[in-house]
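Residues in the sequence shown are numbered from 11 upward in steps of one, following our numbering. What follows is a set of notes on a single structure, which appears directly below.
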Amino acid sequence: MSSRVSGDLEKEEEEEEEEEEEESFNPTEVKMSQIVMPCHSNHRQELSVGQLLKWMDSTACLSAERHAVSPCVTASMDDIHFEHTISVGQVVNIKAKVNRAFNTSMEVGIQVSCEDLFSDRHWRVCLAYATFVTQRTNTGKKVILKPIVPHTQKEQVEYSVAAERRRVRMVHDDIIKELLSNGSIQQADNSTVGNAVPAERTRVESVELVLPPHANHQVNTFGGQIMAWMVNVAMIAASRLCQAHPTLRSIDMFTFRGPSQIGDRLLLRAIVNNAFKNSIEVGVRAEAYQEEGHNRHINSAFMTFEVLDNHGMPCTLPRIRPEPLEGERRFQEAIARKKIRLDRKYIISRKQSEVPLSVPWDPTNQVRLYTLEQKSMLSFRVESEVDVPAHRAFCLLAELGNRPSWDTHYQKCELIHRVDDDDFLYRVVTPSVHHRGVGSTTSASPDEGILQDFILLASKRKPCGSGDPYVIALRSVSLPTHPPTEGYNRGEVLCAGFTILETKNNMSLISYYNQASPEVLPYISTDIAGLSSSFYHIFCSCSQYLTRNKEQSGSEEQTGQYQATNTDSPTCDSEADSLSVGLYSTHL
Numbered sequence: 011m012s013s014r015v016s017g018d019l020e021k022e023e024e025e026e027e028e029e030e031e032e033e034s035f036n037p038t039e040v041k042m043s044q045i046v047m048p049c050h051s052n053h054r055q056e057l058s059v060g061q062l063l064k065w066m067d068s069t070a071c072l073s074a075e076r077h078a079v080s081p082c083v084t085a086s087m088d089d090i091h092f093e094h095t096i097s098v099g100q101v102v103n104i105k106a107k108v109n110r111a112f113n114t115s116m117e118v119g120i121q122v123s124c125e126d127l128f129s130d131r132h133w134r135v136c137l138a139y140a141t142f143v144t145q146r147t148n149t150g151k152k153v154i155l156k157p158i159v160p161h162t163q164k165e166q167v168e169y170s171v172a173a174e175r176r177r178v179r180m181v182h183d184d185i186i187k188e189l190l191s192n193g194s195i196q197q198a199d200n201s202t203v204g205n206a207v208p209a210e211r212t213r214v215e216s217v218e219l220v221l222p223p224h225a226n227h228q229v230n231t232f233g234g235q236i237m238a239w240m241v242n243v244a245m246i247a248a249s250r251l252c253q254a255h256p257t258l259r260s261i262d263m264f265t266f267r268g269p270s271q272i273g274d275r276l277l278l279r280a281i282v283n284n285a286f287k288n289s290i291e292v293g294v295r296a297e298a299y300q301e302e303g304h305n306r307h308i309n310s311a312f313m314t315f316e317v318l319d320n321h322g323m324p325c326t327l328p329r330i331r332p333e334p335l336e337g338e339r340r341f342q343e344a345i346a347r348k349k350i351r352l353d354r355k356y357i358i359s360r361k362q363s364e365v366p367l368s369v370p371w372d373p374t375n376q377v378r379l380y381t382l383e384q385k386s387m388l389s390f391r392v393e394s395e396v397d398v399p400a401h402r403a404f405c406l407l408a409e410l411g412n413r414p415s416w417d418t419h420y421q422k423c424e425l426i427h428r429v430d431d432d433d434f435l436y437r438v439v440t441p442s443v444h445h446r447g448v449g450s451t452t453s454a455s456p457d458e459g460i461l462q463d464f465i466l467l468a469s470k471r472k473p474c475g476s477g478d479p480y481v482i483a484l485r486s487v488s489l490p491t492h493p494p495t496e497g498y499n500r501g502e503v504l505c506a507g508f509t510i511l512e513t514k515n516n517m518s519l520i521s522y523y524n525q526a527s528p529e530v531l532p533y534i535s536t537d538i539a540g541l542s543s544s545f546y547h548i549f550c551s552c553s554q555y556l557t558r559n560k561e562q563s564g565s566e567e568q569t570g571q572y573q574a575t576n577t578d579s580p581t582c583d584s585e586a587d588s589l590s591v592g593l594y595s596t597h598l
C-alpha cells in the first residue's frame with residue numbers, strides 16, 4: 011500500500027460523496043468510524059491490516075443481520091486490494107450494505123475510506139465484497155431471505171453485477187484447475203537458480219487459543235479475528251524471504267470452510283508459494299482442533315506482498331525454490347492465480363481502465379474483452395487470436411459485404427460508393443434497439459418490422475512498418491443522397507474497426523474496437539454476462555469464417571474479389587444480441 015494521495019483521487023472521492031448524498035436511504039446500510047490508536051498500528055505506525063479486517067467483517071456482519079433479522083456468519087470474501095495505508099491519528103470510515111440476497115446467502119459490499127482530521131482530506135482505502143449466510147433456527151430450518159429491492163441506479167448496477175460475482179466465486183477453483191490441466195501456465199523451473207531461497211526457509215507455524223474476547227455474539231470465533239491471525243503468519247513468511255518489512259497489497263478470494271468456537275486451538279501455517287519480480291504470494295492454512303479429535307480445515311487464503319523502497323516503489327525480490335511435489339504444485343497455482351487476478355478486477359470497479367470482463371474461458375481460443383470509461387463514453391476492445399495469416403485476415407475482414415455471413419447483427423450490407431482503393435461507403439442494416447425500462451434493452455421482434463441502418467465509411471490501411479498492424483476503420487458519415495428513410499431508425503457508429511497483428515506461427519491477433527454511447531451504458535452495466543457471451547459467440551463465428559476462407563488463392567486477394575464461404579453463426583440469446591447491436595449504434 012502507498013501512503014501517497016493524489017489530487018485526482020481526492021476529486022474522485024468528492025464526486026462519489028456527492029453521488030452518495032443524492033442516494034435514497036438504504037435500510038441495510040451500516041457505518042463504522044474508528045480513530046487509529048497506537049494499539050491498532052504496526053511498527054511503522056500504520057493501521058494493521060489484521061485490525062482493519064476485523065472492523066470490516068464486523069460492519070458487514072451487522073449489515074447482513076439487519077437484513078436477515080437473524081444471526082449470520084461470514085462465508086467468503088472476494089479479492090481485496092489495499093490502495094493506501096492509514097496512519098495513527100487518522101480516522102477509518104467503513105460503510106457496508108447488502109447488494110443482493112439470494113436464497114440463504116447475501117452479498118455485502120464494503121467501502122473503506124480514510125479521513126485526515128487536520129487537512130480534511132478523504133481517500134479510498136479498499137472496496138470488498140463479502141458473502142454471508144444465515145444460521146439455521148433452533149428447529150434446524152433454513153432462514154429464507156427476503157429479496158433486496160434496489161432504489162437507485164447505482165444500487166441497480168450492484169444488484170445486477172452481484173449475480174455475476176456469485177458465478178465467478180463458484181467457478182474460481184475450476185478455472186485454476188483448468189488452466190493447469192490445459193498447460194496454459196508456463197512451467198517455470200527455479201531449481202537451477204543459484205541465489206534462489208528454499209521455500210522451506212519461509213515456513214511459519216503458530217497456534218492460537220480461542221478465548222471469549224475472540225468470539226462474536228454467537229460464541230463462534232470471529233471471522234475477522236481468524237483473518238487477522240492469518241495475516242500475521244503470512245507477514246512473517248514474506249519477511250523471511252525478503253529480509254525486510256513487506257506491505258500487504260492484496261488478499262485473494264477465500265472461503266470459510268467451517269466454524270470455530272471458544273476453546274479451539276487454531277493451527278496456522280504459512281509458506282511462500284512463489285516470488286515474482288516485485289511481489290510475493292504467501293499461502294496460509296488455518297486448522298482448528300480440540301484437546302481430542304482430528305484437525306478441522308477452517309480456511310485457506312493467498313496474500314500478495316510487496317517491499318517498497320524509500321520512494322514508495324516496489325523493490326526487486328529474490329527468487330524462490332519450491333519444495334518437491336506439493337511445493338511445485340503451489341508454485342504453479344500461484345502463477346495461475348496471478349494470471350486470472352486482473353480478469354476479476356472488473357468486479358471491483360466499473361471505472362477502472364482496461365479491465366477485462368468475464369468471458370467463457372478457453373485457453374485454446376481466448377476472447378478477451380476490455381473497457382475504458384471516460385465521462386459519458388464507454389470504449390470496448392475485444393481480442394482473439396486466430397490461426398490465419400494476418401494479410402489474409404485483413405483481406406477477408408476488409409470486405410464489409412461479407413460480414414452478414416458471420417455476424418448475426420448485420421442483416422444487410424451494400425456497397426454505395428468506392429472512393430478509392432482503400433476507402434468505401436456502405437449502407438448497413440441491423441435489428442433495432444428499444445428500451446424496456448431503466449437499465450434494460452432488447453432487440454425489436456421481427457414482426458414489428460423496425461430496422462436500423464447506418465451509412466459507414468470503411469477505410470483499410472496496410473502496415474507502415476515492421477510490427478505495425480493492419481487497420482480497418484469504420485465511421486458514420488452523412489450523405490445527401492442517402493437521407494434517413496421511413497421504416498428505418500438511422501443510427502451512427504462513433505468509432506469502430508479492427509486491427510490485425512501478425513503473431514508467431516503465422517497466426518493473427520484480431521482486435522475489435524468500438525465506442526458506446528450514453529444510451530447503451532445502463533444496459534451494459536447491468537448485464538456483464540450477456541455482454542461477454544455476445545462477443546464470445548460473435549468472435550467464435552468470425553474465427554470460423556476466417557479459418558474456412560484462409561486457403562483462397564492470392565489472385566483473389568490482389569483483385570479484391572472475395573467469394574467467402576458462408577458460416578453458421580452461433581445463436582445468442584436475445585439480450586446478448588440486442589447488446590451487440592447497441593454497441594454498434596446510437597439513436598439519433
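Don't be surprised by glycine CBs; every beta carbon is placed ideally from N, CA and C. As the structure is a prediction and not an experimental result, all values here were calculated from the model.
- If you check the CB distance, V220 and L276 come in under 8 Å.
- Rounded to whole angstroms, Q300 and N242 show a C-alpha spacing of 22 Å.
- Note that the region 99 to 106 does not touch the region 146 to 157; fewer than 3 beta-carbon pairs, one per stretch, sit closer than 8 Å.
- N288 is positioned such that its CB atom lies closer than 8 Å to that of P324.
- Within the region 58 to 90, the complete beta strand (DSSP E) segments of 3 residues or longer fall at 82 to 87, listed in chain order.
- When rounded, the separation of the alpha-carbon atoms in D397 and N516 is 7 Å.
- Annotation for V229: Q271 and I272 place their beta carbon closer than 8 Å to its own, counting only its chain and skipping 5 residues before and after.
- The distance from the Cβ of A346 to that of I96 is about 32 Å, inconsistent with a contact at the 8 Å cut-off.
- Taking all protein chains shown into account, T326 has fewer than 16 neighbouring C-beta atoms within 10 Å of its C-beta and is therefore exposed.
- A residue is called buried when at least 16 other Cβ atoms come within 10 angstroms of its Cβ; N559 meets this threshold and is buried.
- R110 and P479 have their C-alpha atoms some 44 Å from each other.
- Cβ-Cβ distances below 6 Å link E215 to R279 in the same chain, with the five nearest sequence neighbours on each side left out; the list follows chain order.
- DSSP, read as helix, strand or coil, puts N226 in coil.
- In the structure shown, the three-state DSSP call for I272 is coil.
- When rounded, the separation of the alpha-carbon atoms in A238 and L62 is 8 Å.
- A straight line joining the alpha-carbon of L511 with that of S469 spans about 17 Å.
- Taking the CA atoms as reference points, Q525 sits about 4 Å from S389.
- For the set S553, R391, L425 and R340, the Cα lying nearest the Cα of F404 is the one of S553.
- Secondary structure note for C405: its alpha helix (DSSP H) is the uninterrupted segment A400 to A408.
- Annotation: the continuous beta strand (DSSP E) that includes M42 extends over V40 to I45.
- A straight line joining the alpha-carbon of P414 with that of K422 spans about 6 Å.
- Contact check for F264 against E291 fails: the beta carbons are separated by 8 Å or more.
- Apart from the 5 residues on each side of it in sequence, K472 sits with its Cβ closer than 7 Å to the Cβ of Y480 in its chain, given in chain order.
- In its chain, beyond the 5 residues on either side, Q100 have a beta carbon closer than 7 Å to the beta carbon of D126.
- Closest by C-alpha distance to A140, out of S68, K41 and V79, is S68.
- In the DSSP annotation of this structure, R500 is not part of any alpha helix (DSSP H); the continuous beta strand (DSSP E) holding it starts and ends at Y498 to R500.
- Of the residues A400, H419, A408 and P494, the one whose Cα lies closest to the Cα of S476 is A400.
- Closest by C-alpha distance to L137, out of L484, V153, L407 and E168, is E168.
- Taking the C-beta atoms as reference points, T212 is found no nearer than 8 Å to A244.
- Distances from the CA of L484 to each of F549, Q121, L406 and Y436 were compared; the closest alpha carbon is that of Y436.
- For the pair V135 and E93, the CB atoms are nearer than the 8 Å cut-off.
- CA-to-CA, the gap between V294 and S115 works out to about 25 Å.
- In this structure, DSSP gives E393 an extended state, which the three-state scheme calls strand.
- Nearest to G322 by C-alpha distance, out of I261, T257, A344 and N284, is T257.
- Around the beta carbon of L406, 16 or more other beta carbons lie within 10 angstroms, which makes this residue buried.
- Among the bridge pairs identified by DSSP, C136 is matched with V122.
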